[in-house]
Amino acid sequence: MQSLSFNRFRSTLLRLLCMSVMAAFLAGCNVAKVEEGWEGAVIDKPYFLGHEGIRPQPISTGRHVFWWTTGVAQYEMRPQILSEPFKDLTTQDRTPVTFNSYITVRIRQGQTPLLHSKFGPKWYENNIKEPYRTMVRDFARGKNLFELTNDVTVIADGQEAISQQLTTLIAKLGIPVDVQQCVIGAVRPPDEVIAETSRTAAQEQRKQTEDKRASAEINRKVAETNKADADLAYATNFGMNADQYLRYRQLEIQKEIVEVVKGKDNVHVIVNAGGATPEPMFGVGK
Numbered sequence: 581m582q583s584l585s586f587n588r589f590r591s592t593l594l595r596l597l598c599m600s601v602m603a604a605f606l607a608g609c610n611v612a613k614v615e616e617g618w619e620g621a622v623i624d625k626p627y628f629l630g631h632e633g634i635r636p637q638p639i640s641t642g643r644h645v646f647w648w649t650t651g652v653a654q655y656e657m658r659p660q661i662l663s664e665p666f667k668d669l670t671t672q673d674r675t676p677v678t679f680n681s682y683i684t685v686r687i688r689q690g691q692t693p694l695l696h697s698k699f700g701p702k703w704y705e706n707n708i709k710e711p712y713r714t715m716v717r718d719f720a721r722g723k724n725l726f727e728l729t730n731d732v733t734v735i736a737d738g739q740e741a742i743s744q745q746l747t748t749l750i751a752k753l754g755i756p757v758d759v760q761q762c763v764i765g766a767v768r769p770p771d772e773v774i775a776e777t778s779r780t781a782a783q784e785q786r787k788q789t790e791d792k793r794a795s796a797e798i799n800r801k802v803a804e805t806n807k808a809d810a811d812l813a814y815a816t817n818f819g820m821n822a823d824q825y826l827r828y829r830q831l832e833i834q835k836e837i838v839e840v841v842k843g844k845d846n847v848h849v850i851v852n853a854g855g856a857t858p859e860p861m862f863g864v865g866k
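Using the numbering used here, you'd call the opening residue of the sequence shown number 581 and step up by one each time.
The structure is reproduced here in structure tokens:
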């Protein structure tokens, strides 16, 4: 009986000891959860045993258990769009403009330990941001307002050039990041410049309209003068006076009218020329 009670006591004691050890183990552990599309760099900071530093192999999506002194720096592995605003940047023709520029970058798979150990979480702010802004400023300051707002070829060439410059810089620094795209957003001058441009365009449009109207008037006058000269030459050639020529022209006009309606049903034409009594003509096309 005493032996049975002792065995029960020993079994209970062992269970309590195991639970205590497990609780102590869990209390001294750190559970890191890495979300989909992220990668983690493991940072060991042991108090007694082991080596301090960043492990060369990253951890991927899932839950990971470490000692409580171990940390995990997580980095997003999906493409990231980083934006830089530019306000009142002066162009080549001294016009202040405002716009945003964007770059799409992506951290290379499996390279987060290297990125964290050499450049840290602020790898963009500390190494790329200011050189990138300088590249964009230099580009914009070398172009005039019209090129930045209307010439798509200039913008496309500038985006490609900046992307290449960034790629070269990042490779030189050894940052494990790829530049996928550079975009220069819509360039906008100040509101007063836009208003003045609109007024200038309206004035130019009015001038063009007036020039076209004046040109049409000149052309009409030239045509009428030429027609009058031709009529005078015709009358002179056939020895007609003014009244004779006018009667001749009336007859010609009547003839043209008859030709126009010829062949049409139910058309009546009144023929009158040179003061003669008007004569109706029926069934012109028959």
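Built from N, CA and C at the ideal position, the CB exists for glycine as well.
Between the CA atoms of residue 702 and residue 601 - distance to the nearest angstrom: Bear in mind that the predicted position of residue 601 carries a pLDDT of just 42, short of 50, making it too unreliable to give a figure here.
message: Suppose contacts are defined by Cβ-Cβ distances below 8 Å. Is residue 659 in contact with residue 760 by that definition?
response: One thing to note: residue 659 has its Cβ within 8 Å of the Cβ of residue 760.
message: Just list the residues that DSSP pairs residue 641 with in beta bridges.
response: In the DSSP output, where bridge partners are listed per residue, residue 641 has none listed.
query: Under 8 Å, do residue 622 and residue 639 count as touching if we go by C-beta distance?
result: yes
message: So within the stretch 725-770, which uninterrupted alpha helix (DSSP H) runs reach at least 4 residues, ignoring any that extend past its ends?
response: 725-730 and 732-753
- prompt: In the structure shown, what three-state DSSP assignment does residue 703 receive?
  reply: In this structure, DSSP gives residue 703 a helical state, which the three-state scheme calls helix.
- request: Return the CA-CA distance between residue 653 and residue 674, expressed in angstroms with no decimal places.
  value: Whole-angstrom Cα-Cα distance: 46 Å.
task: Pull up the distance between the alpha-carbon of residue 729 and that of residue 768, whole angstroms please.
output: 7 Å
message: Would the stretch 734-745 count as touching the stretch 684-693 if we require 3 or more Cβ pairs under 8 Å?
response: Counting Cβ pairs under 8 Å, fewer than three are found: no touch.
- prompt: Just how far apart, CA to CA, sit residue 603 and residue 632?
  reply: In this prediction, residue 603 has a pLDDT of 44, which is less than 50 and means its spatial position is unreliable; what the coordinates show is noted afterwards. So the two alpha carbons sit approximately 25 Å from each other.
field: DSSP state of residue 676 mapped onto helix, strand, coil
entry: strand
- prompt: With 16 as the cutoff for other CB atoms within 10 Å, does residue 671 come out buried or exposed?
  reply: Looking at its Cβ environment, which holds 16 or more other Cβ atoms inside 10 Å, residue 671 is buried.
message: Just to confirm, is the Cβ distance from residue 720 to residue 677 under 8 Å?
response: Going by C-beta atoms, residue 720 is nearer than 8 Å to residue 677.
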